[in-house]
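Numbering-wise (numbering that gives the first Met the number 0), the sequence shown opens with residue 0 and increments by one.
C-beta: ideal position from N, C-alpha, C; glycine also.
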Amino acid sequence: MLIARDIASARGILGGWRSAGESVAVVPTMGNLHEGHLALMDIAAQSAHRVVATIFVNAMQFDRADEVASYPRTFKEDCEKLIARGVDLLFCPDHKVIYPHGTEHQTRVELPGLTEILCGAHRPGHFTGVTTVVTKLFNILQPDVAVFGEKDYQQLQIIRRVVEDLNQPVSIVAGATVREVDGLAMSSRNSYLSSDERRRAPLLHRALRTVVARLLAGERAFAQLERAAMLSLRSNGFEPEYVQVLAADLGSPTHSQLSDLVVLGAAWLGKARLIDNLPLRKVVEEGARLAAR
Ligand code: PAF
Numbered sequence: 000m001l002i003a004r005d006i007a008s009a010r011g012i013l014g015g016w017r018s019a020g021e022s023v024a025v026v027p028t029m030g031n032l033h034e035g036h037l038a039l040m041d042i043a044a045q046s047a048h049r050v051v052a053t054i055f056v057n058a059m060q061f062d063r064a065d066e067v068a069s070y071p072r073t074f075k076e077d078c079e080k081l082i083a084r085g086v087d088l089l090f091c092p093d094h095k096v097i098y099p100h101g102t103e104h105q106t107r108v109e110l111p112g113l114t115e116i117l118c119g120a121h122r123p124g125h126f127t128g129v130t131t132v133v134t135k136l137f138n139i140l141q142p143d144v145a146v147f148g149e150k151d152y153q154q155l156q157i158i159r160r161v162v163e164d165l166n167q168p169v170s171i172v173a174g175a176t177v178r179e180v181d182g183l184a185m186s187s188r189n190s191y192l193s194s195d196e197r198r199r200a201p202l203l204h205r206a207l208r209t210v211v212a213r214l215l216a217g218e219r220a221f222a223q224l225e226r227a228a229m230l231s232l233r234s235n236g237f238e239p240e241y242v243q244v245l246a247a248d249l250g251s252p253t254h255s256q257l258s259d260l261v262v263l264g265a266a267w268l269g270k271a272r273l274i275d276n277l278p279l280r281k282v283v284e285e286g287a288r289l290a291a292r
C-alpha cells in the first residue's frame, strides 16, 4: 500500500493511475478502523480499479477541542488492516495540509436545512465541518466513486445533496451498517463504553426495532412511537437526543409509504454518543423475499 501525506504526492500517484485508464474509489475515514470501515473498502474495490482510503481526524467537525485530542488514533493497526484488505493508497494528511490557514477562516460548504435537524440540532457546525472536508477531499483526489457507511445516515444524505448541488462528478455509494452479533452498530465511539455500558448499548438498536415492528403492525402515530422509544432508552440509563421516524430523504413522513420510512436515533451512554438507524426499505424487501420462498 502506498502512503501519501501531502496533496502533490497523492495527485502524482492518482494521475499515473488515471492516465493508465484506471478508475478510483475513495473511502474517507477518521481512522480507528473497524469491520464497518473495512466492508466499505470491499465495496470500493468492487466499484473501481483502485481503492484510496483517507485517514484524517477532521478538527472542523468536532464540537470541542478536547474531543479532537482524545479521538482514538491507531495508525499502525489501521495500516495493517488496510494492507490486508488490498487498499492501494492511504492518504493521511495532517491538519496543516488540509487547513493551511486554520479552520476559523476556511471557506465553508454550508447546506441549510438538512444539516440542522437530527444530529445537526445537537451538534451545531458539525455537518459544515463534514461537508467542507469531504468537498476538499473530493477536490484533492477527484475520485470516480466515494463510499460512505449508511450507519451515518444523515451524513450520507447530506453528502449526496452537496454532490448534487455542487455538480461534483463523483458517484456516492452507500455501504450497509455492520453490526456486532448483539445488534450494536459498529463505531469507533464504542471503545468509549465501559463493560456494563457495552452490555446495554444494543438497546438503542432494539428500541429502533420496536418502532419498526409497530410501524409494520400498522401504527402511524409517529410522535407516540418516538416518545415510547425515548422513554425506554431513558429507563435503561441512556440520555437520548432523539428518536425520529422520517421519510427516507429525511423529509416529513406523513405521506410516505411504509418502505419509504426510516427510523433514526441518537443517545448518550456514559461518554459515548451512539447513533443508529433502520431504513424500512430493507425490512420490507426482506419480508417480500421471505414471502416469495
Ligand atoms: O464519517 C466519518 O468518519 C467522517 O465524518 C468523514 C466522512 C470521514 C469526514 O471527516
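| query | result |
| --- | --- |
| Residue from Ala68, Arg122, Leu88, Ala291 with nearest C-alpha to Ala52 | Leu88 |
| Exposure of His204, with buried meaning 16 or more beta-carbon neighbours within 10 Å | buried |
| Alpha helix (DSSP H) segments (min. 4 residues) lying fully within the region 5-69 | 6-18, 34-46, 64-69 |
| Nonlocal neighbours in the same chain, by C-beta distance under 8 Å from Gln105, ignoring five residues either side | Met59, Tyr98, Thr131 |
| Counted within 10 angstroms of its Cβ, other Cβ atoms place Arg4 as buried (16 or more) or exposed | exposed |
| Runs of alpha helix (DSSP H) lying entirely within the region 89-149, each at least 4 residues, in chain order | 94-97, 118-121, 125-140 |
| Coil, strand or helix - Glu218 by DSSP | coil |
| Supposed contact pair Leu277 and Phe237 - C-beta distance, whole angstroms, cut 8 Å | Incorrect: roughly 17 Å between the Cβ atoms, too far for contact. |
| Straight-line gap, His121 to Ala19 (C-alpha atoms, nearest Å) | 46 Å |
| Top-ranked residue by Cα proximity to Leu249, from Gly119, Pro142, Met40, Ser234 | Gly119 |
| Span of the alpha helix (DSSP H), counted from its first residue to its last, around Gln154 | 152-164 |
| Proximity winner among Leu289, Pro142, Pro27, relative to Val56 (alpha-carbon distances) | Pro27 |
| For Ser251, the three-state DSSP class (helix, strand or coil) | coil |
| Host alpha helix (DSSP H) of Gly286 (start-end) | 279-291 |
| Ala24 classed as buried or exposed, judged by whether at least 16 other C-beta atoms fall within 10 angstroms | buried |
| The region 219-233 / the region 166-178 touching (three or more Cβ pairs under 8 Å) | no |
| Straight-line Cα distance separating Glu218 from Phe147 | 32 Å |
| Alpha-carbon to alpha-carbon, Ala247 and Asp259 | 5 Å |
| heavy atom of the ligand PAF below 7 Å from Val108 C-beta | no |
| Integer Cβ distance of Ile2 from Ile139, believed to fall under 8 Å | Their Cβ separation, rounded to whole angstroms, is 15 Å, which puts Ile2 and Ile139 out of contact at 8 Å. |
| Pick from Leu230, Ala265, Ala43, Leu257 that is closest to Gly286, judged by C-alpha positions | Leu257 |
| Paired residues, beta bridge with Tyr191 - DSSP | Answer is none; Tyr191 lacks a bridge partner. |
| Coarse secondary structure for Asp259, derived from DSSP in three states | helix |
| C-beta atoms of Leu232 and Ala271 nearer than 8 Å | no |
| Alpha carbon of Glu149 to alpha carbon of Ala43, nearest angstrom | 14 Å |
| Gln223 - DSSP class collapsed to helix/strand/coil | helix |
| Local Cβ density within 10 Å of Ile82, reported as buried at 16 or more and exposed below that | exposed |
| Same chain, Cβ closer than 6 Å to Gln156, five either side skipped, listed in chain order | Leu249 |
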